[in-house]
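Just below is one structure, and these are the notes that go with it.
Residue numbers (this note's numbering): 59 to 365.
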């Protein structure tokens, strides 16, 4: 193939920039063509690594420069916006640079990990080194699969060539079915978390009254470090640790939880946990932290920590 290496580079770069391009499938096909002697292995590996470093590097810079704004943008366009940041920050804070390798193989996280690394101020040299290694391994894995199954891949390519437009249409239908399935599962999960919310205006009134509610910020420490905005007096508790803090929370006051994620999913999940433990007056904040900030209420107040 005259332009095979170029196709690999462009597909990989587009995927690393966030476009819905099946770069892994392109690499598998490239592996089959390498086995058939139609493409150069060193060239494919080289452009694969280069495309990874360029695409991920662009997001790393954006995360380092713009912080939480980039994370919000990515989660809005992600197919799994409710968990993409949470999984990325867990990987990076727990695994450091090696998280960039793991992220390559985790759906919904691979594009979010580079800007998260930038937002968390991972050193550029460390990021570039680990990302290049991760890109090499990621490219090699899929090229290797194509090499191993080269005969079957060639048969599929021949069949698609014979099928012409019918084969292309079938491939498009399969991709659309996959996207539709993920969308339906996400909508079903959101229905399960369809609990009563409290609006910003009502919360502000309650905070100014006697017996004000306890406000809990359920973002992780990493997310709070990236975005220092707070609701005044909020208690910072990671959603995974909400059960460990139940004994510290009052049962005679309303509890309001907020996050900075689409559909208030983290706050709604934490509210469900508290409800299962007998807390009656528990509500997530509709619109989360962003709604609070947009209401022109001062938010640059450090969160309190639960002892």
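Don't be surprised by glycine CBs; every beta carbon is placed ideally from N, CA and C.
Take residue i as the anchor and find which of the options has the nearest alpha-carbon.
| i | options | result |
| --- | --- | --- |
| residue 122 | 101, 283, 338 | 283 |
| residue 276 | 264, 265, 294 | 294 |
| residue 262 | 291, 286, 91 | 291 |
| residue 308 | 132, 94, 269, 211 | 269 |
| residue 92 | 160, 331, 167, 207 | 207 |
| residue 172 | 164, 163, 185 | 185 |
| residue 339 | 347, 329, 265 | 329 |
| residue 211 | 335, 347, 89, 348 | 89 |
| residue 174 | 163, 195, 150 | 150 |
| residue 181 | 195, 155, 164 | 155 |
| residue 349 | 318, 332, 193 | 318 |
| residue 98 | 167, 66, 127 | 66 |
| residue 106 | 227, 194, 94 | 194 |
| residue 85 | 102, 315, 167 | 102 |
| residue 83 | 178, 239, 197 | 197 |
| residue 179 | 227, 352, 280 | 280 |
| residue 205 | 230, 159, 265, 95 | 95 |
| residue 352 | 288, 306, 61, 298 | 288 |
| residue 209 | 188, 258, 87 | 87 |
| residue 296 | 128, 331, 177 | 331 |
| residue 337 | 127, 306, 267 | 306 |
| residue 298 | 285, 286, 278 | 278 |
| residue 286 | 227, 81, 127 | 127 |
| residue 163 | 100, 81, 320 | 81 |
Report the partner residues of residue i according to the DSSP bridge assignment.
| i | result |
| --- | --- |
| residue 150 | None; residue 150 has no bridge partner. |
| residue 256 | 343 |
I think residue i touches residue j, with their Cβ atoms under 8 angstroms apart; what is that distance to the nearest whole Å?
| i | j | result |
| --- | --- | --- |
| residue 109 | residue 70 | 4 angstroms |
| residue 79 | residue 72 | 4 angstroms |
| residue 125 | residue 75 | Residue 125 to residue 75, Cβ: 19 angstroms. No contact. |
| residue 274 | residue 313 | 6 angstroms |
| residue 311 | residue 272 | 6 angstroms |
| residue 170 | residue 131 | With a Cβ gap of about 10 angstroms, residue 170 and residue 131 do not count as contacting. |
| residue 190 | residue 111 | 5 angstroms |
| residue 347 | residue 316 | 6 angstroms |
| residue 158 | residue 192 | 5 angstroms |
| residue 129 | residue 77 | About 18 angstroms; that fails the 8 angstroms criterion. |
Under 8 angstroms, Cβ to Cβ, is there at least one residue of chain C near residue i?
| i | result |
| --- | --- |
| residue 351 | Here chain C cannot be found, since the structure has a single protein chain. |
query = Given 8 angstroms as the limit, is there contact between the region 194-214 and the region 114-129, that is, 3 or more CB pairs closer than that?
reply = no
task = Would you check if there are 3 or more beta carbon pairs closer than 8 angstroms linking the region 254-261 to the region 295-303?
result = no
request  = Kindly provide the ranges of any beta strand (DSSP E) runs that are 3 or more residues long and lie completely inside the region 293-349, ordered along the chain.
outcome  = 313-316, 340-342
ask   = Does the region 340-349 come close enough to the region 316-325 to have 3 or more Cβ pairs within less than 8 angstroms?
value = yes
request  = Run through the region 71-121 for me and flag every whole alpha helix (DSSP H) of 4 or more residues, listed as ranges in chain order.
outcome  = 81-93
ask   = In the region 154-223, which residue ranges form an unbroken alpha helix (DSSP H) of at least 4 residues, counting only runs that do not cross its ends?
value = 157-162, 171-177, 182-206, 208-221
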